[in-house]
Each structure stands twice: as structure tokens, then as C-alpha cells.
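Just so you know, we're using my numbering here: the sequence shown kicks off at 2 and counts up by one. C-beta: ideal position from N, C-alpha, C; glycine also. Note that the structure is a prediction, hence the values are computed from the model and not measured. Notes for the one structure printed next.
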Amino acid sequence: MKKPDHSSLKKLRKQIKKVQDSKRFEHTLGVEYTAAALAMRYDCDIQDARVAGLLHDCAKCLTDEKRLSICRKHHISVTSVERKNPFLLHAKVGAYLAQRKYGVKNPDIINAIRSHTTGRKNMSTLEKIIFVADYIEPGRNHSPGILAEIRKLAFVDLDRALVRILEETLKYLKNSDGDIDPMTEETWRCYQKWK
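Shown next as C-alpha cells:
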């Protein structure tokens, strides 16, 4: 994909609409919008943020079997937590599809898609933006008090917003006996200095 412009973003939006259900597509548009706003705030490429926002969940509506099949066929590593919870693979598979199906060549966009659920050490500004935008986009309504606090924080200190999201995610998973991806804990430990 060449440097995205208005017409290529419009085309990409149409392509994504075809592979997502209406609720997921509404969320995707919310992430695109929020990522663009955060990119303006943090002096990041706005068009790259929009592309990453549009593609971050491009593999979300695939079946678990399809995601696992793509991983096997294209030698994408699968952790034991991901094997047990294949829906978690949508980020890795999405990064693969962004390259192969949607023609994205920018490694920063690909990494932002790949790390948008767990984060990772040494994230770029774009990666942080997509991670945060996915959590705070306008259609989200989980934990209203905490969400309002993180939405404000996101436009003041991106790193501290990232840490708060990781804390809330880990707390939720522990309280619900959900499986915790080790990468989420590793990311949280890495960014503790921003607390």
C-alpha cells in the first residue's frame, strides 16, 4: 500500500466493512477516529494511525479454526494461551492479513496491529496509540468511571494511560479467572516506570 490518502482510506474502509459485522465495524471506525485524534496530539502520522485503526481487528470476525489454520499455514507462532483461546490470535493474524491481503508495507502499522491486544516492550508511539484507542474509542462503555478517567489521561500522558489499561485488563482477567497472556504481564512490568 502506498502512502494512504483520502481515496485509499475510503477504499480500505469499504473492504473492512465487508469482512466485519456491523457492531465490529462501528468499533473499528471508533478506533480509526480515536487513533487519528491521538496521533494529532502526539505528533504521529495521522494517516498511518487511521490505517492501523481500520485494520487492527481485520481478523476479528474470522472463526477460531480459520485463525489457527492461517497460523499453521504461514508459520505464525501460537502460545499455549493462544491455542487455548484462539480468539486472541486476531492480532497476529490481523498483522499478517494487513501485509498480504491489504498491502501494508509500513512495519510500524503492522506492529501496531500485532501488539494492540497485549502490548509489548519498547512500543512505538503508533503502537501505543492503537493499543489505547482500542480501549477508549467512543463506542466502548465498560467500567464507565475508569474509562472516563483513562480517556482524559490518554490526551495528557499516553504512557500512563497505557499502564492504566494494562492494570485494568490484568485485574479483570484475574477477577474473572481468565487466561492471562504472558506478553500482557511483560508489557505491564516494562511500563511500570510510567505509573
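query                                                                                                 : result
Buried versus exposed, by CB contacts within 10 Å (16 or more), V157                                  : exposed
Residue burial classification, D49 (beta-carbon count within 10 angstroms, cutoff 16)                 : buried
Terminal residues of the alpha helix (DSSP H) in which L69 lies                                       : 65–74
C-alpha distance - K24 paired with M184, whole-angstrom precision                                     : 27 Å
Of the residues G120, D44, S9, L89, the one placed nearest E187, counting alpha carbons only          : G120
Candidates I71, L90, K74: closest to T80 by CA position                                               : L90
Element boundaries [alpha helix (DSSP H), containing F156]                                            : First-last for F156: undefined, no H or E at that position.
Validate contact between the stretch 66–85 and the stretch 25–34 using beta carbons, cut 8 Å, 3 pairs : no
Nearest-angstrom Cα separation, counted from K175 out to V105                                         : 36 Å
Where H117 falls, given that 16 or more other Cβ within 10 Å makes a residue buried                   : buried
Beta-carbon gap between Y43 and I166 smaller than 8 Å                                                 : no
Secondary structure of M124, DSSP reduced to three states                                             : coil
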